[in-house]
Structure formats: C-alpha cells, structure tokens
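Asks: One structure is given below, represented as structure tokens, and several questions about it will come after.
There are 2 protein chains.
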Amino acid sequence: MRSRKPIYEQLVDKMKELIMHEVLKPDEQLPSVRTLATQLTINPNTIQKAYRELEIQGFIYSIKGKGSFVSLNNQTKDIEKIASVMKELEKLILEALYLGIQAGEMIDLIHALDSGKKGGDSND
Amino acid sequence: MRSRKPIYEQLVDKMKELIMHEVLKPDEQLPSVRTLATQLTINPNTIQKAYRELEIQGFIYSIKGKGSFVSLNNQTKDIEKIASVMKELEKLILEALYLGIQAGEMIDLIHALDSGKKGGDSND
DNA sequence: TAAGTGTACTATCATTCGTAATACAGTTAT
DNA sequence: ATAACTGTATTACGAATGATAGTACACTTA
C-alpha cells in the first residue's frame, strides 16, 4: 500500500527539507546508499533513485567511490527550475485565494520563512 | 507516453484554473462526461474520474440525470483543504527562498493575483 | 418511451513503483 | 595487489496505478 506518494519521492522531499533547513550542512556527507537502505529497511535501489533525483535538482552531488554530499547552493542560477517553481507558486497562491485565504496571511508566512532563513534558527 | 502526469489530473488542473479564473462561471453546466470524452478523444471513464475528483475538491457538483455544474464556492469552509494548501505553500515558499527568489517578488505576485481577483479581469 | 445525463462495475493492457540480485567503476587503506 | 568501502547500471519480477473498453443501472427531461 503506497501512501499515494512513492517512497523515493518522500525521501527526496525529506532530504530537501533537511538541506533547506540546514540540518544537513553544505559539503556534509550523506549516508551511503547501502547504509541508509539498511537503516530505513528499504531497497538500495530506491535510495539510489532518490539520490539521483536530488542530484538532478541540485541539492546534492555524488562522487563515485567517495560518497554523496550536500551542495553548497544557496543561490541557484538554474533559470528553468526557478521558472518552474514560480509557476507552481502562482497556481498555489491562486488556489489559496480562491479558498478564501487572505493575501496578508500568505505574506506573513513569507516574512516568517524569510527572516527565519536569514536571522538563524529560532524555531521549527 | 504519459507526460509524467495522468490525463485525469491534467484535466482536473485545467478545470480548476478555468473555474478560478472565472472562465467557467458558477452554476454553469459543464460538458457531459460522454461529450467531453468525444471532444478530447479520451475515454469517458477518464473524464468521470476527473469530474469525481473535482467534486471531492469542491469545485463542481454533479446531479444524476442532469449534469455537472460549477460550484458557487468563493469562500470554502473546508478546513482540511485549507490546511493542506497552506502546508504546500510553506514548502514551496521555502524552496523558492532557497533558490534565491526574493520575498518581495513573491509578495508582488500575491498582490497581483489578489487584485486581479477582486477588481475584475483586466488582463490575462 | 426515448434520449440525454451521472454512476458503477468488470476486464484488459501498459506503465510505474519497489524489490532483488548481480555486476561494474572509482576511492581509500592496508 | 587486495580488501572494503563508495556510487552506478542492468535485468527481472510482482504489485499497484493509469487508461481504455464494454456494459449496465439510475435519474431527468421531453
């Protein structure tokens, strides 16, 4: 029974969160494919698929024989990805407004996340 | 070759956009399952699946024997859905900030979409 | 009654997800 | 060179999902 979202995708989301929240620091080495597979009791191939996706999205980089590491990216130049995220954002904001969510509420959310990113980790 | 997103989901997204942009007005009748299936050259079951999803999400309502119609919703009370959208929004905003997108840019986007919703359709 | 509507069900096929086993390639330490 | 670790690639299989297809039922309207 898949919880409607593939395991490898869940893993990608989780890792992205950890990286963006700086729980995983730049250049920090990630658990190896086989190690993590053992820890999570899932197949190494599933981990590898997640890692590959994370690498494509620019969140990690892998070196054969050495391991996988968190990217240094803080300011990406990937124009395609930025455009894609902005488009998603527009869709979601429109839906939120349609649902009756106030613009101010969303703006507050942005400010909270933005200051939390600059000022440091005060809360979670 | 599926463009990585199911047809019925693409259809749901498309209809949601049309409804939110008020191209499809409240209480307006939608094409019947079979009619739309013929027009789009896809299976009636696929249309029905999309319509069912749209009904679950509160965008349309269907009456057996009569047809499917656009909901009047402008201010939903569906707390679960609002919470879900807010959570998605938070994830996406965080990723946008991580990519280097400025908070002000997102706020501008919100204002643009919000005024476009209240003031009427000046542009598209 | 007839023709339109939504809805439900079963069957079939292709694709994807996840697992499994195996192999290859590169790094590091011995 | 060897051993033990890393990432990567390939193939195979079973289960779940997406989409098609056909059929049937229930309701509304003329």
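If you read the sequences in order, they're chains A and B. Heads up: the first sequence is residues 1 to 124, going by UniProt numbering. Heads up: the second sequence is residues 1 to 124, going by UniProt numbering. The beta carbon of each residue, even a glycine, is placed where N, CA and C say it ideally should be. Remember, it's a predicted structure, so these values are computed and weren't measured experimentally.
1) Is A:LEU97 close to chain B? Criterion is C-beta to C-beta, closer than 8 angstroms.
2) I want to see whether chain B comes within less than 8 angstroms of A:LEU72, judged by CB atoms only; does it?
3) Looking only at its own chain, which residues have a Cβ that is under 7 angstroms from the Cβ of A:LEU72, when we skip the five neighbours before and after it?
4) Specify the secondary structure class of A:ILE7 as computed by DSSP and reduced to three states.
5) So if DSSP puts A:ILE63 in a beta bridge, which residue, or which two residues, is it bridged to?
6) Answer yes or no: do residue 138 of chain B and B:PRO44 have a C-beta to C-beta separation smaller than 8 angstroms?
7) Using 8 angstroms as the limit for Cβ to Cβ distance, is A:LEU54 near chain B?
8) Taking only beta carbons into account, state which residues of the region 26 to 47 of chain B come closer than 8 angstroms to chain A, listed in chain order.
9) Excluding the 5 residues flanking B:GLN10 on each side, which residues of the same chain have their C-beta closer than 7 angstroms to its C-beta?
10) Spatial neighbours of A:GLY67 within its chain, please: C-beta separation below 8 angstroms, excluding the five flanking residues on both sides.
11) Do you know whose CA, among B:TYR61, B:ALA37, B:ILE47, B:GLU95, lies nearest A:ASP13's CA?
12) Can you pull the chain A residues whose beta carbon is under 8 angstroms from the beta carbon of B:ASP114, in chain order?
13) Take A:THR38 and list the residues in its own chain whose beta-carbon comes closer than 8 angstroms to its own, dropping the five residues that flank it on each side.
14) Identify whether A:GLN39 lies in helix, strand or coil by the three-state DSSP scheme.
15) Judging by CA-CA distance, which residue of A:LYS5, A:ILE93, A:ILE7, A:GLU22 is the nearest neighbour of A:GLY116?
16) In chain order, what residues of the region 76 to 94 of chain B put their CB closer than 9 angstroms to some CB of chain A?
Replies: Well, looking at it:
1) Yes, A:LEU97 lies at the interface with chain B (some Cβ there is under 8 angstroms from its Cβ).
2) No, because no Cβ of chain B sits closer than 8 angstroms to the Cβ of A:LEU72.
3) Cβ neighbours of A:LEU72 beyond the five flanking positions: PRO26, ASP27.
4) In the structure shown, A:ILE7 sits in a helix (DSSP, three-state: H, G or I).
5) In DSSP, A:ILE63 forms a bridge with A:GLY67.
6) Because residue 138 of chain B is not part of the residues shown, which for chain B are 1 to 124, the question remains open.
7) A:LEU54 has a beta carbon lying at 8 angstroms or more from every beta carbon in chain B.
8) Residues of the region 26 to 47 of chain B that bring their beta carbon within less than 8 angstroms of a beta carbon in chain A are absent altogether.
9) Nothing listed; no residue qualifies.
10) By the criterion of a C-beta distance shorter than 8 angstroms, A:GLY67 is surrounded in its chain by GLN29, LEU30, SER32, once the five residues flanking it on both sides are discounted.
11) Residue B:GLU95 is the option with its Cα nearest to A:ASP13.
12) Neighbours of B:ASP114 on chain A, chain order: LEU97, ALA103.
13) So no residue of the chain qualifies.
14) Of the three classes helix, strand and coil, the one that applies to A:GLN39 here is helix, per DSSP.
15) Nearest C-alpha to A:GLY116: A:GLU22.
16) Listed in sequence order: THR76, LYS77, ASP78, LYS81, ILE82, VAL85, MET86, GLU88, LEU89, GLU90, LYS91, LEU92, ILE93, LEU94.
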